[in-house]
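K.L.:
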Amino acid sequence: MLFSGKQYLYTKPGERKELSCPICGTKCDVKRNCYGPTCFAEAVGGLGHLHDCFTCPHRDEDWHQYASQLIDQKRDCASRRVRKLIDLDLQETLEKHCIS
2 MLFSGKQYLY
12 TKPGERKELS
22 CPICGTKCDV
32 KRNCYGPTCF
42 AEAVGGLGHL
52 HDCFTCPHRD
62 EDWHQYASQL
72 IDQKRDCASR
82 RVRKLIDLDL
92 QETLEKHCIS
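Converting from the sequence shown to our numbering requires adding 1 to each position, the first position being numbered 1.
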């Protein structure tokens with residue numbers, strides 16, 4: 002099972018060999034057999050479990066955070082025309098950083 006958040010993707014240990022970032026498509030870095038929470042409820046409850054943690058190497062860069070915001074805005078937008086404009090901005094952002 003794949004658990005995802007804004008910055009991390011989690012799987013059961015060994016479930017996936019590699020994952021691509023859902024924002025930019027770059028191959029994620031992976032830390033295997035991590036122990037700890039993978040969601041807010043586990044963290045608050047002091048719980049955790051064994052998992053693999055995948056992170057995008059670009060996650061801390063401004064352009065990557067901007068692309069993430071565009072994706073969120075597109076998902077929440079009712080207008081088809083505005084979604085197309087958001088797509089253009091997203092495509093331009095990813096192409097500018099050699100990611101398509």
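Built from N, CA and C at the ideal position, the CB exists for glycine as well.
Restricting to Cα atoms, I'd like to know which of Val45, Lys13, Ile72 is closest to Arg33.
P.N.:
When Val45, Lys13, Ile72 are compared, the shortest CA-CA separation from Arg33 is found for Lys13.
K.L.:
Can you tell me where the alpha helix (DSSP H) with Gly46 in it begins and where it stops?
P.N.:
41 to 46
K.L.:
Compute the Euclidean distance between the alpha carbons of Ile87 and Leu71, then round it to the nearest angstrom.
P.N.:
6 Å
K.L.:
Can you tell me whether DSSP reads Asp30 as helix, strand or coil?
P.N.:
In the structure shown, Asp30 sits in a strand (DSSP, three-state: E or B).
K.L.:
By DSSP's criteria, Cys35 is part of a beta bridge. Which residues make up the other side?
P.N.:
His52
K.L.:
Count the other C-beta atoms from every protein chain shown that fall within 10 angstroms of the C-beta of Ser69, then say buried if there are 16 or more, exposed otherwise.
P.N.:
buried
K.L.:
Can you tell me which of Glu16, Gln8, Cys25 puts its alpha carbon nearest to the alpha carbon of Leu91?
P.N.:
Of the listed residues, the one whose Cα sits closest to Leu91 is Cys25.
K.L.:
Alpha carbons only, please: which of Gln8, Gly37, Glu93, Leu95 is nearest the one belonging to Gly47?
P.N.:
Gly37
K.L.:
I'd like the list of long-range same chain contacts for Pro58, defined as Cβ closer than 6 Å, with 5 residues on each side in sequence excluded.
P.N.:
So the qualifying residues of the chain are Asp30.
K.L.:
Alpha carbon to alpha carbon, how far is Met2 from Lys28?
P.N.:
At Met2, the pLDDT of 49 sits below 50, so the modelled position is not reliable; the number obtained from the coordinates is stated separately. Lys28 has its alpha-carbon roughly 18 Å from the corresponding atom of Met2.
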